[in-house]
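Residue numbers (our numbering): 317 to 706.
Even glycine gets a Cβ: it sits at the ideal position worked out from N, Cα and C.
All figures in this text were calculated on a predicted structure; none of them were measured in a lab.
Below: the structure, in structure tokens.
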Ligand SMILES: [Zn+2]
């Protein structure tokens, strides 16, 4: 029932120095310099974190639970995500979404997979909708989904995307309003997660939606903005200067086959150079989708499944390459994301009363232990919990 994480260097994400953490079932019960005595009284299981770094579990706000890359045709689309690929990447909370295909894939199947992953041990949420407007839903409309389905935090749809429906601005505004109002009524965020495609308009539809709906800017979160052809970064900086928050996609890396993308660490450096606060930036994987493989001449020779582990690797790139502190880099995958999603009362930081979602890093930042809601999911970097058919 009780566990003690003993003598780890805590980044909560702020630097709190060496501390013990007492876990009672799924929650963090106490944080103090030395809880050995209390641990003995409670007969707590002790996990040594001596010489290790303890951080909040990562929150991945854009994961294709069912697979994606649907425009590569049936043979090129990826399938259900492996549970342990999430936990071994340090992800203890994941938000699932649909992409371009909402015909063969649907919200009920996405919900089923979210429930499966939650049962195995992590925390899952969803966006209702897909690329297209009108949105596919669970209950029949977006407002009802946000109000009535616990797991639904908001809606997703695409702007400036050639693979999406050609919906009018007014239709998009209605969907955004439904999510926002559903959130207000039910006490959730009701955010609007926007896939930004490669059409020349870039974030123009978002600027129009802000004017048309009067929804506060903090409810809109454009993703895949680390793109330079067309130059989405320029519009992203404009949006950030207005007070918005953006999401960078870890798999959008020229080395991973996304040739017109700007690697997230480079995108972050540009934002910081433009005077943007790191509090306004989040990073997600966009993982479990197919990405192209090219030969030296630039010909497409195949596809690979770009996994959620890109989130962890890109986080390390940011730690290594960007002029930001370790705790500030952490915010992009923990506290900033929790705030964007409106789940900061439960997730995104190491505080008494919050979920015991923790990563123990070795000194070289390799992942040693991962706990999700107080249960050990990964030990010595290896998954302890797997679904039957992994
Ligand atoms: Zn995606």
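May I ask you to list the residues that DSSP assigns as paired with residue i?
i, result
"residue 538", "510"
"residue 465", "For residue 465, which the question treats as bridged, DSSP gives no partner whatsoever."
"residue 326", "333, 370"
"residue 677", "369, 683"
"residue 348", "336"
Are residue i and residue j close, meaning C-beta to C-beta below 8 Å?
i, j, result
"residue 413", "residue 380", "yes"
"residue 526", "residue 566", "no"
"residue 675", "residue 347", "no"
"residue 586", "residue 633", "no"
"residue 444", "residue 423", "yes"
"residue 370", "residue 326", "yes"
"residue 449", "residue 487", "yes"
"residue 637", "residue 680", "no"
"residue 595", "residue 652", "yes"
"residue 669", "residue 683", "no"
"residue 544", "residue 575", "no"
"residue 713", "residue 331", "The question about residue 713 has no answer here: the residues shown for the chain are numbered 317 through 706."
"residue 417", "residue 386", "yes"
Closer than 6 Å by C-beta to residue i: which residues in its own chain qualify, once you throw out the five before and the five after it? Chain order, please.
i, result
"residue 467", "430, 441, 442"
"residue 495", "458, 462, 470, 471, 506, 508"
"residue 328", "665, 666"
"residue 517", "476"
"residue 404", "694, 699"
Establish whether the CB of residue i and some CB of chain B are separated by less than 8 Å.
i, result
"residue 705", "Going by chain labels, chain B is absent from the structure shown, which holds only one protein chain."
Residues in the same chain with beta-carbon distance under 7 Å from residue i, minus the five sequence neighbours each way, listed in chain order, please.
i, result
"residue 685", "363, 676, 692, 694, 695"
"residue 649", "374, 375, 599, 627, 631"
"residue 515", "476, 477, 478"
Taking the continuous beta strand (DSSP E) assigned at residue i, which residues delimit it?
i, result
"residue 608", "605–610"
"residue 642", "Taken as a continuous stretch (DSSP letters only), residue 642 belongs to no beta strand (DSSP E), being part of the alpha helix (DSSP H) at 642–647."
"residue 409", "407–412"
"residue 505", "No beta strand (DSSP E) holds residue 505; DSSP gives it neither H nor E."
"residue 443", "439–444"
Nearest by alpha-carbon distance to residue i: which of the options is it?
i, options, result
"residue 562", "541, 680, 482", "541"
"residue 612", "317, 400, 571", "571"
"residue 388", "434, 605, 452, 326", "605"
"residue 353", "575, 367, 338", "338"
"residue 657", "537, 697, 618, 641", "537"
"residue 530", "662, 358, 497", "497"
"residue 492", "465, 454, 533, 480", "533"
"residue 303", "583, 319, 456", "With the chain covering 317 to 706 only, the question about residue 303 has no answer from this structure."
"residue 391", "647, 607, 367", "607"
"residue 334", "474, 367, 437, 564", "367"
Looking at the unbroken alpha helix (DSSP H) that takes in residue i, where does it start and where does it end?
i, result
"residue 498", "485–502"
"residue 361", "Here residue 361 belongs to no alpha helix (DSSP H); instead the beta strand (DSSP E) covers 361–364."
"residue 399", "399–403"
"residue 693", "Run containing residue 693: none in the alpha helix (DSSP H); it sits in the beta strand (DSSP E), 691–695."
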